[in-house]
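Notes to accompany the following structure.
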C-alpha cells in the first residue's frame, strides 16, 4: 500500500528526481554508492575511570560483606585492617579492669596465683578487642586462645570470659557464625574439663552452676550477634527499597507527563495543523490566481497568507516543545551530515547498507536536519528489525529548493514493516545511539514531514522490499540558486 501525503504547492515528483533508482546515476556529483565502502565510524572507547568515592557507611551498604580488613578480603585487594579508636580504648579499659581486679583484697585470684603468664594472658585476651571489627576472626581466635589458656592454667571465672564474649558477638554480627560457635564450644569444653578434673575440691552443683552460667552467656552472645546482623541487613534492604520506590515514582511521573505532552501534541497536529494548512494553501492559490489574471491582490488576502505561514511556524515550534525532545535531539546532535554514522551502525548491526550523496551539501535548517536524520534512522531500524536478511540503500540529494531522502531495502516487503513500525521502541535492533521515543514508525515520519510542508511516500518497492521517499522543502539561497 502506498501512502501519499498532501504536497505543498509545486512539489517535485519523486520519479523525476535525478539520481534516484530507475534513473541514470548521478553525474558529475559526489555519488558514493559505487565507491569503496564507507569507513567505520569512530569506535566507542571506555571513558576515563571515575575516581573512587568516599566509602559508604555501614547503614548504606547494599550487601552483608564484612568490614575492610576482614579475613575474607580478596587476595587481589588486600588492605591493612582499619582499627577503630573506640575498640582500642575498650580493649585498654577491659585489660586494666581485669588485671587491676586481681589486686583487690579478697579477689579469687591474686598476683601469686596468676604470675607473669596469667597477667600476659589477661592482657593479651583483652587487647584482642582492639581488632574485633577490623579483623573479627583474628580477634576471636586470639581472645579465645588466651582466655582458654587462662581458664586451664589459673581458673575459669565469669569476669575473665568478658573479652571473649565481645569477640564472639562481633564475629557473629559479620556473618562468622561458625567461627563464633566453634570458639565458644571449645572454650566451654575446656572449662568443663577443668571443672571435672578436680571434683574433690568442688561439688557437682558448683560445676553445673559455673558451666551453666557460662553456657548461657555464650549462647546469648551468639544469638545477639546473629540478630544484630539480620536487623542491619533488614534496615539496609528497607532503605534500598525506599530509594528504589522513590526512583520508580519519579520515573512514572516523568513518563506520564511525557505521554500527556505527546497526546496534546498529536491533538494539536491532527486538528490545528490540518486547518491552518488548508487556509494557507487556499490563500496561496487565491493570490496566485489573482496575479495570473493581472488583478490587484487584496491586502487582506496577503495578510491571511502571511498570518497562516506564521501560525504554522509557531505551531511547529509549540509541537516541538510538547514533544520534549531528548538530549540527542539537541541542535547539532542529529544532523543530516551524520547520516553516514547511521549507515555505519546499520553495518555493525549486520545490515549491508550503502550511502550515496549528491548535490551540494550545505547547512540546513535545524528542523530539516533533524527530520532527515530521524527518517533514515527509523527506516534503517525497521530494516534491521523486520525486513529479515536484507540490504539497504540510502540516497540523499541536495536540490536548490529541497532535500530528498530515499531509503530502500530488498527485504520481506511492506506488510511486515508497516506492521512492525507500530511496535514499541526498544524491541529488536535499533540503529542509532538511542531509542526513538517520539515519532515511532511511519506515523512519526508523516508528522515530521508534513509539519515541514514536505512530502512523504512509503510502500513496496518495484522489485520487492520497502521504500521510503521524503522531500523536505528548503529555503532557496543565492549559492544554491
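Numbering (UniProt numbering), first residue to last: 1 to 481. Ideal placement from N, C-alpha and C gives every residue a C-beta, glycine not left out. For clarity, every value in this text was computed on a predicted model and none was experimentally measured.
Residue 406 and residue 291 have their C-alpha atoms roughly 36 Å apart. Following the DSSP letters along the chain, one finds residue 355 inside the beta strand (DSSP E) bounded by residues 353-358. In terms of Cβ geometry, residue 465 and residue 378 do not form a close pair [threshold 8 Å]. Residue environment analysis places residue 360 among the exposed positions, since fewer than 16 neighbouring C-beta atoms fall within 10 angstroms of its C-beta. If you look at residue 473, you'll find it in the beta strand (DSSP E) that goes 466-473.
In this structure, 210 is the residue among 180, 210, 178, 173 with its C-alpha nearest to the C-alpha of residue 193. Counting along the chain, residue 345 sits inside the alpha helix (DSSP H) bounded by residues 339-348.
Comparing alpha carbon positions, the residue from 275, 299, 399 closest to residue 450 is 275. Residue 458 counts as buried, since no fewer than 16 other beta carbons sit within 10 angstroms of its beta carbon.
If you compare the alpha carbons of 224, 250, 473, 147 with that of residue 366, the shortest gap goes to 473. The bridge partners DSSP lists for residue 393 are 354, 408. Secondary structure note for residue 460: it is in no alpha helix (DSSP H), and the uninterrupted beta strand (DSSP E) holding it is 455-460. Cβ-Cβ separation between residue 375 and residue 468: approximately 7 Å, consistent with a contact (criterion under 8 Å). Per DSSP, residue 258 is one residue of the alpha helix (DSSP H) stretching across 204-268. As DSSP reads the structure, residue 403 sits in a beta bridge with 398, 472. With contacts defined by Cβ atoms closer than 8 Å, residue 136 and residue 94 do not form a contacting pair. Classified as exposed, residue 219 has fewer than 16 neighbouring CB atoms from the shown chains inside 10 Å of its CB. Residue 134 sits in coil when the DSSP states are folded into three classes, being neither helix nor strand. For residue 335, there is no enclosing alpha helix (DSSP H), since its DSSP letter is neither H nor E. Between the stretch 183-198 and the stretch 242-254, the count of Cβ pairs shorter than 8 Å is below three; the stretches do not touch.
Taking each of 138, 139, 214 in turn and checking the Cα distance to residue 157, the smallest one comes out for 214. Taking 8 Å as the upper bound for CB-CB distance, residue 119 and residue 147 are not in contact here, some 14 Å apart. Taking one beta carbon from each stretch, the stretch 165-182 and the stretch 218-234 have 3 or more pairs nearer than 8 Å; the two touch. In the three-state DSSP reduction, residue 450 falls in the helix class (H, G or I). Residue 212 has its alpha-carbon roughly 21 Å from the corresponding atom of residue 143. The beta-carbon separation of residue 121 and residue 150, rounded to 4 Å, stays under the 8 Å limit for a contact. An exposed status is given to residue 203, since fewer than 16 other beta-carbon atoms sit within 10 Å of its beta-carbon.
Put simply, the backbone Cα of residue 343 is about 42 Å away from that of residue 240. With respect to residue 140, residue 180 sits close: the two C-beta atoms are nearer than 8 Å.
Cβ neighbours of residue 268 within its own chain (closer than 8 Å, five residues either side excluded): 315, 318, 319, 322. Proximity to residue 382 across 296, 234, 411, 362 peaks at 411, based on C-alpha coordinates. Judged by DSSP in its simplified three-state form, residue 184 adopts helix. Excluding five sequence positions before and after residue 402, the CB atoms of its chain that fall closer than 7 Å to its own CB belong to 12, 471, 472, 473, 474, given in chain order.
Taking 8 Å as the upper bound for CB-CB distance, residue 409 and residue 391 are in contact here, some 7 Å apart.
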